[in-house]
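Notes follow the structure.
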Amino acid sequence: EAGVAQSPRYKIIEKRQSVAFWCNPISGHATLYWYQQILGQGPKLLIQFQNNGVVDDSQLPKDRFSAERLKGVDSTLKIQPAKLEDSAVYLCASSLWSSGNTIYFGEGSWLTVV
Amino acid sequence: GIQVEQSPPDLILQEGANSTLRCNFSDSVNNLQWFHQNPWGQLINLFYIPSGTKQNGRLSATTVATERYSLLYISSSQTTDSGVYFCAVPWDNNNDMRFGAGTRLTVKP
Numbered sequence: 366e367a368g369v370a371q372s373p374r375y376k377i378i379e380k381r382q383s384v385a386f387w388c389n390p391i392s393g394h395a396t397l398y399w400y401q402q403i404l405g406q407g408p409k410l411l412i413q414f415q416n417n418g419v420v421d422d423s424q425l426p427k428d429r430f431s432a433e434r435l436k437g438v439d440s441t442l443k444i445q446p447a448k449l450e451d452s453a454v455y456l457c458a459s460s461l462w463s464s465g466n467t468i469y470f471g472e473g474s475w476l477t478v479v
Numbered sequence: 028g029i030q031v032e033q034s035p036p037d038l039i040l041q042e043g044a045n046s047t048l049r050c051n052f053s054d055s056v057n058n059l060q061w062f063h064q065n066p067w068g069q070l071i072n073l074f075y076i077p078s079g080t081k082q083n084g085r086l087s088a089t090t091v092a093t094e095r096y097s098l099l100y101i102s103s104s105q106t107t108d109s110g111v112y113f114c115a116v117p118w119d120n121n122n123d124m125r126f127g128a129g130t131r132l133t134v135k136p
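Read top to bottom, the protein sequences are chains V and P.
Per my numbering, the very first residue in the first sequence carries number 366; after that it's consecutive.
Per my numbering, the very first residue in the second sequence carries number 28; after that it's consecutive.
Below, the structure written as structure tokens:
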């Protein structure tokens with residue numbers, strides 16, 4: 366069974382530029398999560414989708430971050446414009462359903478903003 | 028929302044030693060998961076354990092839901108066990124999983 370796929374793995378951009386990350390969850394998984402992990406901290410939930418609907422985006426900085434999950438499969442997370450403090454690993458994860466299911470993570474997309 | 032506290036924040040062991048990691052949470056949960064993040068950043072799910080005890084090789088976990096804590100036991104530790112261990116619980120009824128700050132484990136040969 367293929368795992369959660371993410372791309373790109375690494376990205377370096379200048380502040381005020383934009384960047385997009387892509388995630389393909391495990392086949393059949395209805396729930397998709399985007400987390401931000403700053404060095405030395407635990408992952409912080411940015412947004413949770415159930416199929417193509419948003420369940421929770423309370424911690425998503427909506428003035429610069431956006432995410433979509435068209436057709437309830439792949440998802441894209443965009444940052445525009447990027448700030449220095451956005452330097453982090455962006456982790457995508459998926460589970461069968463949101464209630465009581467094991468969460469599986471991708472390898473992450475490492476972002477450095479200079 | 029629910030608060031999650033993990034202890035200790037850092038742990039250094041000699042290879043072969045045993046250890047216990049703790050996760051306290053502030054409210055009742057129907058979902059608790061333990062993860063290991065290896066030095067390359069990959070997060071691996073170790074246990075889904077909202078209550079009771081589970082074992083997987085040298086690792087086992089126990090959640091006492093009524094007392095709002097979970098324990099992760101590592102026996103006969105190996106250098107490959109090094110990394111950060113996180114517990115995660117749902118923030119609210121939507122099961123949006125929130126993570127603790129983690130326990131950083133270093134196992135020395």
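Glycine included, each C-beta is placed from N, C-alpha and C at the ideal position.
- Here the alpha carbon of residue 453 (chain V) sits roughly 10 Å from the alpha carbon of residue 408 (chain V).
- For residue 67 (chain P), the number of other beta carbons within 10 angstroms of its own is below 16, and it is reported as exposed.
- Taking residue 388 (chain V) as the centre and dropping the five residues before and after it, the same chain places the C-beta of 371, 440 and 457 closer than 6 Å to its C-beta, in chain order.
- For residue 372 (chain V), the enclosing beta strand (DSSP E) has its first and last residue at 370 to 372.
- Spanning the alpha carbons of residue 414 (chain V) and residue 426 (chain V) requires a straight line of approximately 16 Å.
- Here residue 32 (chain P) is bridged, per DSSP, to P:51.
- Non-local C-beta neighbours of residue 58 (chain P) in its own chain, meaning closer than 8 Å and more than five positions away in sequence, comprise 75, 77, 116, 117, 122 and 124, ordered along the chain.
- Cβ contact annotation for residue 38 (chain P) (same chain, cutoff 8 Å, sequence separation greater than five): 46, 48, 130, 131, 132 and 133, in chain order.
- For residue 99 (chain P) against residue 88 (chain P), the beta-carbon gap comes to about 5 Å, under 8 Å, which counts as contact.
- Rounded to whole angstroms, the gap between the alpha carbons of residue 135 (chain P) and residue 101 (chain P) is 14 Å.
- For residue 389 (chain V), the enclosing beta strand (DSSP E) covers residues 384 to 389.
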